[in-house]
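What follows is a set of notes on a single structure, which appears directly below.
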Amino acid sequence: KNEVEQSPQNLTAQEGEFITINCSYSVGISALHWLQQHPGGGIVSLFMLSSGKKKHGRLIATINIQEKHSSLHITASHPRDSAVYICAVWKGGGSRLTFGEGTQLTVNP
Amino acid sequence: DVKVTQSSRYLVKRTGEKVFLECVQDMDHENMFWYRQDPGLGLRLIYFSYDVKMKEKGDIPEGYSVSREKKERFSLILESASTNQTSMYLCASSLGLAGAPRADTQYFGPGTRLTVL
Chain A
201 KNEVEQSPQN LTAQEGEFIT INCSYSVGIS ALHWLQQHPG GGIVSLFMLS
251 SGKKKHGRLI ATINIQEKHS SLHITASHPR DSAVYICAVW KGGGSRLTFG
301 EGTQLTVNP
Chain B
13 DVKVTQSSRY LVKRTGEKVF LECVQDMDHE NMFWYRQDPG LGLRLIYFSY
63 DVKMKEKGDI PEGYSVSREK KERFSLILES ASTNQTSMYL CASSLGLAGA
113 PRADTQYFGP GTRLTVL
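Chains as they are written, first to last, in the working numbering: chain A, 201 to 309; chain B, 13 to 129.
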């Protein structure tokens, strides 16, 4: 079993919908990252969080340390949000990120 | 803005060739990383470095080596390329601490898609 599990693997939405991507992990962590990868390969870091909630524009990331769970929400989704969203954790006392397999999001106009 | 550049976007090599992938960052970051990305397997760490001339093995170091002679440059070397090393290779850097890894935001390069024939 992977230490970082994302759901769903694939998600198709209509423009304007509210989207949630989930990430569960099975290890103690010092930080959790959400990354975005557009077609063509480039990866951008969206959030790094260790507690609570962060917001950037239409993106919101939350984390529940006790439940070992994080969610990435996109409000008022747009076709340009179509990308792979990747969850990654930095284990407590660790030296590298452990990645989930990613969620492919497609937003149709 | 942090900029991480990789020497090639696409590369085609033959089995047995020695391959060099170069990564340069311009933000004086301490930590640098090499990943490969394959369908269904996600991102996997090959090697990382948290200081000049220091390197640590990641999860899949076999068949690879690295070099970090200057702070801004981290090279990945395939000593004798094989077809199972056909993949997307991504470099990343983070601020970090000199001599120690730290859970900072990582900045990724555009990737090199390597094909080994």
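Glycine included, each C-beta is placed from N, C-alpha and C at the ideal position. As the structure is a computational prediction, the values presented were derived from the model and not from experiment.
Checking 9 Å against the spacing of the C-beta atoms, do B/Q118 and B/F45 come in under that value? Yes, the Cβ-Cβ distance between B/Q118 and B/F45 is below 9 Å.
Using CA atoms only, rank isn't needed, just tell me which of B/G123, B/S77, B/D38 is closest to B/M66. Comparing C-alpha distances from B/M66 to each of B/G123, B/S77, B/D38 shows the shortest one belongs to B/S77.
Name, going along the chain, the residues of the stretch 231-251 of chain A whose beta-carbon falls closer than 7 Å to a beta-carbon of chain B. Using a CB distance below 7 Å, the part of the stretch 231-251 of chain A facing chain B consists of A231, G241, G242, I243, S245, M248, ordered along the chain.
For A/E267, the nearest candidate out of A/G252, A/H238, A/H273, A/P239 (CA to CA): Of A/G252, A/H238, A/H273, A/P239, the residue nearest in Cα terms is A/G252.
Three-state class that DSSP yields for B/R125 in the structure shown: Three-state result, B/R125: strand.
Between B/F120 and B/L107, is the Cβ-Cβ spacing less than 9 Å? Going by C-beta atoms, B/F120 is not nearer than 9 Å to B/L107.
Status (buried if at least 16 other CB within 10 Å, exposed otherwise) for A/N209: For clarity, residue 209 of chain A is Gln in the given sequence; the question names Asn instead. So A/Q209 counts as exposed.
Where the stretch 75-108 of chain B meets chain A: residues whose CB sits under 7 Å from a CB there: Within the stretch 75-108 of chain B, the qualifying residues are M100, L102.
Members of the stretch 44-74 of chain B that neighbour chain A once the beta carbon cut-off is set at 9 Å: Within the stretch 44-74 of chain B, the qualifying residues are F45, Y47, Q49, G52, L53, G54, L55, R56, L57, F60, Y62, E68, G70, D71.
Which residue from A/K291, A/V307, A/H233, A/V244 puts its Cα closest to that of A/K254? Of A/K291, A/V307, A/H233, A/V244, the residue nearest in Cα terms is A/H233.
In angstroms, rounded to a whole number, what distance separates the CA positions of A/S226 and A/E203? Spanning the two alpha carbons is a distance of roughly 5 Å.
Closest Cα partner of B/F86 within the set B/F32, B/K25, B/T27: Closest option to B/F86, Cα to Cα, is B/F32.
Are the stretch 204-224 of chain A and the stretch 288-305 of chain A in contact at 8 Å, needing three or more beta carbon pairs? Verdict: yes, contact present.
So, B/A110 versus B/D63, is the Cβ gap smaller than 9 Å? Yes.
Does DSSP put B/R80 in a helix, in a strand, or in coil? The three-state secondary structure of B/R80, taken from DSSP, is strand.
Interface partners of B/G123 on chain A, CB under 9 Å: Within chain A, the residues near B/G123 are G240, G241, G242, I243.
State buried or exposed for B/N43, treating a residue as buried only when at least 16 other CB atoms are found within 10 Å of its CB. Its Cβ being crowded by 16 or more others within 10 Å, B/N43 is buried.
Within its chain, find whatever has a CB closer than 6 Å to the CB of B/D38; leave out the 5 residues flanking it on each side and keep chain order. Contacts found: K15.
Closest to B/S99 by CA distance: which of B/R80, B/A93, B/E91, B/R125 is it? Nearest of B/R80, B/A93, B/E91, B/R125 to B/S99, Cα basis: B/R125.
Sub-9 Å separation of B/D71 and B/I89 beta-carbons: Not a contact, by the Cβ cut-off of 9 Å.
Going along chain B, which residues have a C-beta under 8 Å from A/E301? Near A/E301 (Cβ distances below 8 Å), the residues of chain B are G52, L53, G54.
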